Every structure is written in structure tokens, then in C-alpha cells.
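Colleague:
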């Protein structure tokens, strides 16, 4: 019995360690485990005003005490704000979302905000930010990816 | 029970019974249930993260496949005879999470296998799980009704 258990544990260990992949670990792989603090992403004309706007949005959101990690992606249509809520504050998730949407809409009335506290949305936003570093990754592709994220966010159970 | 006065023999027997009765280790059982139930939930959380990471599921939508996977795993474990041992050790900790549902289905199916596939397995498979489904659906209906009414009245 003991031998069988031991061999089962050994087998599962071997099986699990096979899953480590190509060894390249990016921020988006660890986004659930640690604070990534990704820089704001702009998928639009790279003007001074636009850049300042995204950074201001990120700063404003980061000021909220209940959060600890914020990712902002802005395209010419929508602005995605993904954030992680501190664990004990997760009880007030809905309230925080309401407060944030109100604050953002009052401060930036021209923008169309999509606000989400979902981990998946956060991971995808970090991934998008990583992909933007690649010069082959065109704005068009980025826009498509952002649309995909927004579609994912609006999906219901 | 009726409050009839007991005969002297009954009272004597009661005393004898109390002398021999084993004390139920309530605290120990609770701690065991806490650990086993918690462990099952940790596995469930890991599966949720697995679906979030490797598939297109959000936190909102990952719940359904997670439940299905957990039930499937517990069904397999029941068939292999592992879940019985877990249930013996953990008690309510293994019955209350959704895995207990899978266990209830398969253990009933195994038990009545000798009575044939239709009247045995088919007829008895949902003997215990049937009430879970019935009252689950009914309570979901009631909760949805309350929520709909609250939305209509503008409370939430």
C-alpha cells in the first residue's frame, strides 16, 4: 500500500514537472501571484496629450486605497481599466466598481470606460502590454486584441 | 416523543446505556471536516485558476467548468474506492462540497448494480442526488424570483 502511494506521488511529480514549458516566464504568467504594476498602454495616435491622459487615468485609479495593481489600456474608442482588489476588500467589490466608474466618468467625461476587477481581464491586459513592446505587433492587431478582451468581459455565465 | 413516565426497568436500562455509550468526538470531527473540506476547495480553486490561465474563461464564467470537473473527479475517486476512505475520515467535509454530489450518484449506482441496469442503476442512481437537484432547482427559482422582484421595485 505504502509502496503504491509512494510510486503514485513520484509519478505525479514527474508528470507535473513536465509542464514547466519553455522556461521563459513573463509577467503575464505571474500576474495572479505578484504585483506587476504594468505601465499604461496607448493604442492610438502617440501624442503628448493622449499619453498624459492615460497616465493620469492610471494615477487616479491607483490612488484608491482598496486596490493594489492597475492596468490601463486606451484605444481611440474604449478605455479598459483592470485592477486587483486587496483581499479583505473583495467583499466590497461591487461598491468599489461603482465608485471607480463614477469617479472616472466625472473626471474624464469624453472617455468610454470599461472597468473590471476580473483576474482574467487583468492577465490579458498585461499580456497585451507585453506584446506592444514587439515592433511587429501593429496597432490594428492590438485593437483586435482589446476588442476580444472587452467581449470576454461582457460575457455572462 | 411522548412525555410518558418511564418504568423503572427503562430508567435502569437508560443508566446502563449511558455508562457504555461512547462520547462523540465533536470537536475532532469538526476539525477533520474543516481540513478535508478546505482541501477540496483548494483543489477547486486551483482548477478555477487553471481554466482562467489556459482557457478563455473569466472569474465569472470559470465556475461552471470547475464544478463539472470537481464532480467528475469525485465520481472517478468513488469508483476507485478512494472517496469512501476520504468520507470516513472527513465526514461532512467531504459531503458538503459539490464533490459529495458526485459521490452520492456513483455510490448509489454501484450499490444497485446487481439489480440490473434499468431498474437497478437507472432507477436508483439519483435516489439521494435527486433531492439535491430538485431542491437546488427550486431554491434557485425562488432566489431568482426574489431578485427579479427587487429589480422591478428598484431596490437593487
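Protein chains in written order, with the numbering used here: chain A, -1 to 155; chain B, 489 to 644.
Glycine included, C-beta positions come from ideal geometry on N, C-alpha and C.
Since this is a predicted model, take the numbers as computed values, not measurements.
Step through the CB atoms of chain B and report whether any lies within less than 8 Å of the CB of residue 22 of chain A.
Modeller: Reading the first chain from its first residue, position 24 is the one you call residue 22 of chain A. Chain B, which has no Cβ nearer than 8 Å to the Cβ of residue 22 of chain A, makes this no.
Colleague: If you drop the 5 nearest sequence neighbours on each side, which residues of the same chain put their C-beta closer than 6 Å to that of residue 575 of chain B?
Modeller: On the second chain, position 87 is the one that residue 575 of chain B refers to. Here the set comprises 582.
Colleague: Using only the alpha-carbon positions, how far apart do residue 643 of chain B and residue 635 of chain B sit?
Modeller: Numbered from 1 along the second chain, position 155 holds the residue referred to as residue 643 of chain B. Numbered from 1 along the second chain, position 147 holds the residue referred to as residue 635 of chain B. Using only the alpha carbons, I get a separation of about 9 Å.
Colleague: Any idea which residues DSSP pairs residue 81 of chain A with across the strands?
Modeller: For the purposes of this step, residue 81 of chain A is taken as residue 83 along the first chain, with counting starting at 1. According to DSSP, residue 81 of chain A bridges with A:68.
Colleague: Taking only beta-carbon atoms, is residue 118 of chain A less than 8 Å away from chain B?
Modeller: Start at 1 with the first residue of the first chain, and residue 118 of chain A comes out as number 120. Chain B contact via Cβ: present.
Colleague: Using the rule of at least 16 other Cβ atoms within 10 Å of the residue's Cβ for burial, across every protein chain shown, is residue 533 of chain B buried or exposed?
Modeller: For this step, residue 533 of chain B is matched to residue 45 along the second chain. It counts as exposed.
Colleague: Could you round the C-beta distance between residue 154 of chain A and residue 140 of chain A to whole angstroms and report it? I think they count as a contact, below 8 Å.
Modeller: Stepping through the first chain from its first residue, residue 154 of chain A is reached at position 156. Stepping through the first chain from its first residue, residue 140 of chain A is reached at position 142. At roughly 26 Å, the Cβ-Cβ gap does not stay under 8 Å, so residue 154 of chain A and residue 140 of chain A are not in contact.
Colleague: So what's residue 115 of chain A in DSSP terms, helix, strand or just coil?
Modeller: Here residue 115 of chain A refers to the residue found at position 117 of the first chain. The answer is coil: DSSP assigns residue 115 of chain A none of H, G, I, E or B.
Colleague: Comparing the C-beta of residue 86 of chain A with each C-beta of chain B, is any distance below 8 Å?
Modeller: Within the first chain, the letter at position 88 stands for residue 86 of chain A. Judged by the 8 Å Cβ criterion, residue 86 of chain A is not in contact with chain B.
Colleague: Report the CB separation of residue 72 of chain A from residue 40 of chain A in whole angstroms; it is logged as a contact under 8 Å.
Modeller: As a working mapping, residue 72 of chain A is identified with position 74 in the first chain. As a working mapping, residue 40 of chain A is identified with position 42 in the first chain. The Cβ separation is near 5 Å, so the contact holds.
Colleague: With a threshold of 7 Å on Cβ separation, who are the neighbours of residue 26 of chain A within its own chain once the five nearest residues in sequence on each side are excluded?
Modeller: Locating residue 26 of chain A in the first chain gives position 28, counting from the first residue. These residues qualify, in order along the chain: 121, 124, 125 and 128.
Colleague: Which same chain residues, not among the five before or five after residue 11 of chain A, have their C-beta less than 8 Å away from its C-beta?
Modeller: Here residue 11 of chain A refers to the residue found at position 13 when the first chain is read from its first residue. Around residue 11 of chain A: no qualifying Cβ.
Colleague: Could you give the distance in angstroms between the alpha-carbon of residue 34 of chain A and the alpha-carbon of residue 599 of chain B?
Modeller: Your numbering for residue 34 of chain A matches position 36 in the first chain. Your numbering for residue 599 of chain B matches position 111 in the second chain. The alpha-carbon atoms of residue 34 of chain A and residue 599 of chain B are separated by roughly 52 Å.
Colleague: Rounding to the nearest angstrom, what Cα-Cα distance links residue 567 of chain B and residue 559 of chain B in this structure?
Modeller: Numbered from its first residue, the second chain carries residue 567 of chain B at position 79. Numbered from its first residue, the second chain carries residue 559 of chain B at position 71. About 12 Å.
Colleague: Please report whether the beta-carbon of residue 153 of chain A lies at a distance below 8 Å from any beta-carbon of chain B.
Modeller: Residue mapping note: residue 153 of chain A aligns to position 155 of the first chain, counting from 1. Answer yes: the Cβ-Cβ gap between residue 153 of chain A and chain B drops below 8 Å somewhere.
Colleague: Using a C-beta cutoff of 8 Å, does residue 548 of chain B count as contacting chain A?
Modeller: Within the second chain, numbered from 1, the residue matching residue 548 of chain B stands at position 60. True, the Cβ-Cβ gap to chain A drops below 8 Å.
Colleague: Rounded to the nearest angstrom, how far is the Cβ of residue 64 of chain A from that of residue 112 of chain A, given a contact under 8 Å?
Modeller: Residue mapping note: residue 64 of chain A aligns to position 66 of the first chain, counting from 1. Residue mapping note: residue 112 of chain A aligns to position 114 of the first chain, counting from 1. That pair is no contact at about 19 Å.
Colleague: Note down, in chain order, each residue of its chain lying with its Cβ closer than 8 Å to the Cβ of residue 596 of chain B, except the 5 sequence neighbours on either side.
Modeller: Translated into positions along the second chain, residue 596 of chain B becomes position 108. Within the same chain, residue 596 of chain B has close Cβ partners 612, 613, 614, 615, 616 and 617.
Colleague: Using the beta-carbon count (16 or more within 10 Å), is residue 56 of chain A buried or exposed?
Modeller: Taking the first residue of the first chain as 1, we reach residue 56 of chain A at position 58. Buried is the call here.
Colleague: Could you confirm whether any beta carbon from chain A is found closer than 8 Å to the beta carbon of residue 537 of chain B?
Modeller: The count along the second chain starts at 1 and reaches residue 537 of chain B at position 49. By this cut-off, residue 537 of chain B is an interface position.
Colleague: Check the Cβ of residue 150 of chain A against every Cβ in chain B and list those closer than 7 Å, keeping chain order.
Modeller: For the purposes of this step, residue 150 of chain A is taken as the residue at position 152 of the first chain. The answer, in chain order, is 544 and 546.
Colleague: Taking 7 Å as the limit between beta carbons, can you name the residues of its chain near residue 609 of chain B, skipping five residues before and five after?
Modeller: On the second chain, residue 609 of chain B is found 121 positions in, with the first residue counted as 1. Answer for residue 609 of chain B: 597, 600 and 601, listed in chain order.
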